[in-house]
Structure formats: C-alpha cells, structure tokens
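8 is the number of the first residue of the sequence shown in the working numbering; add one for each residue after it. Just so it is clear, CB atoms sit at the ideal spot from N, CA and C, and this is done for glycine as well. Worksheet for the structure shown next.
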Amino acid sequence: MAPAISVIIPVYNVAPWLRECLDSVVSQSFTDLEIIIVDDGSTDESPQIIAEYASRDKRITAIRKQNGGLGAARNTAIPLATGDYIAFLDSDDKIRRDAYEKLYEPAKKYDCDIVYCQTAYLDDQTGNITEEDNQTALPLFKKFRGTHHSFSLEDIEPEKIFSYDSFVVAWNKITKRSLIEKINARFPEGLIFEDMPFYFNTLLNAKTLSVVWERLIYYRINRKNSIMNASNRQGEIVEILQTIARELQATKSRTGYDYKNALSPFAYQELCYKFKQIDRNKLGKQILDQILTVDDRKRFEQEMLRKTSFVSKLMSKLSRHKK
8 MAPAISVIIP VYNVAPWLRE CLDSVVSQSF TDLEIIIVDD GSTDESPQII
58 AEYASRDKRI TAIRKQNGGL GAARNTAIPL ATGDYIAFLD SDDKIRRDAY
108 EKLYEPAKKY DCDIVYCQTA YLDDQTGNIT EEDNQTALPL FKKFRGTHHS
158 FSLEDIEPEK IFSYDSFVVA WNKITKRSLI EKINARFPEG LIFEDMPFYF
208 NTLLNAKTLS VVWERLIYYR INRKNSIMNA SNRQGEIVEI LQTIARELQA
258 TKSRTGYDYK NALSPFAYQE LCYKFKQIDR NKLGKQILDQ ILTVDDRKRF
308 EQEMLRKTSF VSKLMSKLSR HKK
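Below you can see the structure in the form of structure tokens.
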C-alpha cells in the first residue's frame, strides 16, 4: 500500500544540522511516511549520517548523485516518490513533531491538492525560535482564516498571487503527487530562486486548497555558507521569470485563464530590484515581452535608461576627477 506522504530531503554538506533535521522527520507522530534523502555529492560527513539513519529506519530511501544543485536533487526524487502527497524539506531545517499529522488531516478530509502551513524562524547562532507577522504567516490566504476549512484558487485575487503576499517556497506544504505528475511540475536546475516556478505552477493548477494556521516548519536563518548568501547570482531571476511565463502559457491552455497580467507587476519589481546583477544581454524586447505587459515593458525600458544614464554620468564625473 502506498504511503500517505513522501518526504523529499535534498542534502549537500549540511553535516552540522542534518541529524536535527532527520530526527524531526523520523520521530513524527504521523508515521505513514516515505522518506527519500538525496545526497547531492556531499564532501563532508553527510553521506555517513544518511547511511546511519537509513540502516535503522526502513522508510528511508537514500540516493547519492553527482552535485547538481537543489533543483536537480529534488527532481531526482520526484519520480521515485509513491506517496499520495509529496513534501519537501531542506536539510538544515526541521519540523514540529506533529507537522505531517496536522497537514494530512485537512488534505484527506477535503481532498486538497495543496495544504500549507505557517513557518517560524530558527536562529542558527542563538537557537532562538521566533514568529514574525510577515510572508511566513501566509498573508495571501489570511481572508480564509477562521472562516474556511478549504477554498479554491478562484477565491484568490490573481494580482495577489504574484505579490509579496506569497511566501514562495517549496517546503511549507504538502502537494498531491497526482497534481505534480499531471502538470509535470519540476524545479529549474542550476539556478537560484528555483522554488518560484514550482510554487506558482502547482498553485495555479490546484483546485482545492487548505491552510493549517500553525507554525509547523522551523526555517533556519543566520547559517554560515548558506546558498541564500549568493547575492552575486541575483541576475538569474530573468531565467526564472521566463520559466514561470512558459508555465503560465501551459496553465492557460488547461484552465483558460491568462495570468500574465498578474505576473507582470511582480516581474517588473523583481527586474528593477535586481537590475544591477542582471546581464543586459538578457533584457532584449523579445525576452521582456514574455514576462511583461506592453505597458510594463515600456516602463521598465525607461527605468533601464534612467539607471544606465545615471551610471554613465557618475563614471564620467569620476573619470574627470581622476584627471
């Protein structure tokens, strides 16, 4: 009989935190789990720790592959999952002991495609757990709190989906495996921001949603050497937005709804915010037309001219000053 939930945990050089993560999963009050751990070519003690846990818990499947990044590690595990639902967990985070019990209850009761939960911060330097009223509190769904046990995508304003009300991560939910298979949802490989396309693709193709209004996930912050410190890769947002736009076209063919108008303001803000890190060769009209409406494209082109003109004038002044 298939397990209720397949938990996918990608691992890369996280030995100092891995035991805490795995302990939080294997000790879950909800035991009908399949645990797939993908070692993405770790060079520390992570492989030995994984082998230790796999030897004593038959629910664990351990996979070792060449290093390919977070997206590739998750993608390796998705076709191997057999659970009714799939959950992702980063290997430096941990979950509350009743997390999957809490998430599976509404999933089963209302036949949900996705069930979300709130997140708390776990400070790696102090060990303190804090709760903040920000994206982790799921403001996108706040109007349903206390009034709806489940709701549909049509109940959410499209412009709010592509806004900073969305907490765009892969690990604060369980998603029906049949939905992931139906739309062939996967993570971009070799890029940061890989959660974005998967998040929007699954949400926009879901029919029934629910939220557990409790902080079941502990997201580790202030961790040294975290991939989120890779600020020099912010320019990869262009490829991510293109991926989202392509998936929106596929969604339009299935649902008849065009989300490009909703995506465009979000894309505009992301491009402006990360402008300094973006390769200008990736900002041609053909590419911008994929992710922006005509009005937003013209607005962004004007913003590019303003910023590049400012930089040119500044460099000219500095050059004259040196002379």
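Spatial neighbours of residue i in its chain, beta-carbon cut-off 6 Å, leaving aside the 5 residues before and after
i, result
"residue 164", "none"
"residue 101", "27, 28, 31 and 225"
"residue 98", "16, 18, 21, 25 and 28"
"residue 197", "76"
"residue 207", "251"
"residue 121", "180, 182, 213 and 216"
"residue 39", "10 and 11"
"residue 51", "20 and 22"
"residue 132", "229"
"residue 64", "33"
"residue 107", "12, 35 and 37"
"residue 289", "245"
"residue 306", "none"
Same chain, Cβ closer than 7 Å to residue i, neighbours up to 5 away in sequence not counted
i, result
"residue 9", "89, 90 and 91"
"residue 116", "none"
"residue 236", "Caution applies to residue 236, whose pLDDT of 48 falls short of 50 and renders its modelled position unreliable; the model cannot decide the point."
"residue 179", "123, 124, 126 and 224"
"residue 220", "125 and 152"
"residue 23", "none"
"residue 190", "208 and 212"
"residue 268", "300"
"residue 201", "77, 78, 194 and 195"
"residue 247", "195, 198, 200, 203 and 204"
"residue 192", "205, 208 and 209"
"residue 95", "15, 81, 177 and 178"
"residue 265", "259"
Where the beta strand (DSSP E) containing residue i begins and where it ends
i, result
"residue 160", "No beta strand (DSSP E) contains residue 160, which DSSP labels as neither H nor E."
"residue 17", "12-18"
"residue 169", "Looking at the DSSP string, residue 169 is not in any beta strand (DSSP E), and its letter there is neither H nor E."
"residue 180", "180-183"
"residue 68", "67-71"
"residue 41", "40-46"
Distance cut-off 8 Å: residue i Cβ against heavy atoms of the ligand ATP
i, result
"residue 137", "Looking at this structure, you won't find the ligand ATP or any other ligand, since it has none at all."
Same chain only: Cβ atoms within 8 Å of residue i, ignoring 5 sequence neighbours per side
i, result
"residue 104", "31, 34, 35 and 36"
"residue 234", "Note that residue 234 has pLDDT 46, beneath the 50 cutoff, so the model's placement of it is unreliable and no number is given."
"residue 282", "310, 311 and 314"
"residue 249", "294, 297 and 298"
"residue 55", "none"
Bridge partners - residue i, DSSP secondary structure assignment
i, result
"residue 217", "122"
"residue 133", "Answer by DSSP bridge pairing: none, since residue 133 is not bridged."
"residue 226", "128"
CB-CB length for residue i against residue j, believed under 8 Å
i, j, result
"residue 173", "residue 214", "The Cβ separation is near 18 Å, so there is no contact."
"residue 260", "residue 303", "Contact doesn't hold; Cβ gap of about 23 Å is too wide."
"residue 119", "residue 210", "At roughly 12 Å, the Cβ-Cβ gap does not stay under 8 Å, so residue 119 and residue 210 are not in contact."
"residue 60", "residue 70", "Rounded, the Cβ-Cβ distance is 13 Å, inconsistent with contact."
"residue 47", "residue 82", "Residue 47 to residue 82, Cβ: 11 Å. No contact."
"residue 218", "residue 169", "That belief does not hold up - the Cβ atoms of residue 218 and residue 169 are roughly 19 Å apart, past 8 Å."
"residue 93", "residue 154", "28 Å between Cβ atoms; not a contact."
"residue 227", "residue 110", "Not really, about 20 Å apart at Cβ, beyond 8 Å."
"residue 254", "residue 204", "6 Å"
"residue 87", "residue 136", "The pair is not a contact, with the Cβ atoms about 32 Å apart (cut-off 8 Å)."
"residue 187", "residue 85", "7 Å"
Enclosing alpha helix (DSSP H) for residue i [first to last residue]
i, result
"residue 245", "244-262"
"residue 30", "22-33"
"residue 207", "202-211"
"residue 192", "Note, residue 192: premise wrong, no alpha helix (DSSP H); not H, not E."
"residue 139", "Per DSSP, residue 139 belongs to no alpha helix (DSSP H) and is neither H nor E."
"residue 275", "267-280"
"residue 54", "53-63"
"residue 294", "292-298"
"residue 81", "77-84"
Any chain D beta carbon closer than 9 Å to residue i
i, result
"residue 63", "No chain D is part of this structure, which consists of one protein chain only."
In chain order, which beta strand (DSSP E) runs of at least 3 residues are fully inside the region 90-123?
List check, beta strand (DSSP E) in window: 92-95.
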